[in-house]
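Right, one structure below, let's go through it.
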Ligand SMILES: [Zn+2]
Ligand SMILES: [Zn+2]
Ligand SMILES: [Zn+2]
């Protein structure tokens, strides 16, 4: 019965892969609507949740608390460095964070600990543009 929505999920996956950086479900839905795919917003949300669950997409909360999604180019657990101006995203490993998270969880008696650590900032071109604008 889930088979019925497979093409929609594939279409959402493709649309997500075309985007540079993270996008909201609404933005992605807008793109699909422009292409007259007939895919509804609820379906986009479901498809994105499925892609996140299967490890094909990343999700994170923006500093404004909005859920954002991205087709991920790295398999497995990793972190992101995200430019909050242009959306440039760098996938990073953070060995220090892994060790800290495990240690901290164990210290408090927590098992099966998971964590999400994404770092927001300004990339070099955006930092320069901002400095020029403020000069
Ligand atoms: Zn990623
Ligand atoms: Zn930037
Ligand atoms: Zn980690």
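Numbering (the numbering used here), first residue to last: 127 to 261.
Every residue, glycine too, gets a C-beta built ideally from N, C-alpha and C.
Fair warning: this is a prediction, and the values are worked out from it, not measured in the lab.
- DSSP lists 194 as the beta-bridge partner residues of residue 186.
- By the C-beta criterion, the region 180 to 197 is judged not to be in contact with the region 223 to 234, since fewer than 3 inter-stretch pairs fall below 8 Å.
- When the five nearest sequence neighbours on each side are left out, the beta carbons in the same chain lying within less than 6 Å of the beta carbon of residue 241 are those of 227, in order along the chain.
- Residues with their Cβ less than 5 Å from any non-hydrogen atom of ligand 2, running along the chain, are 209, 211, 212, 214, 249, 252.
- Excluding the 5 residues flanking it on each side, residue 186 has same chain C-beta neighbours closer than 6 Å at 194, 244, in chain order.
- Boundaries for residue 249: no alpha helix (DSSP H) harbours it, and the DSSP string shows neither H nor E there.
- DSSP places residue 163 in the coil class of the three-state scheme, outside both helix and strand.
- DSSP, read as helix, strand or coil, puts residue 207 in strand.
- One Cα belongs to residue 152, the other to residue 189, and the distance between them is close to 17 Å.
- The C-beta separation of residue 218 from residue 203 comes to about 11 Å, leaving the pair out of contact by the 8 Å criterion.
- Distance from the CA of residue 251 to the CA of residue 214, rounded to the nearest whole angstrom, comes to 10 Å.
- A residue is called buried once 16 or more other Cβ atoms fall within 10 Å of its Cβ, and residue 184 is buried on that count.
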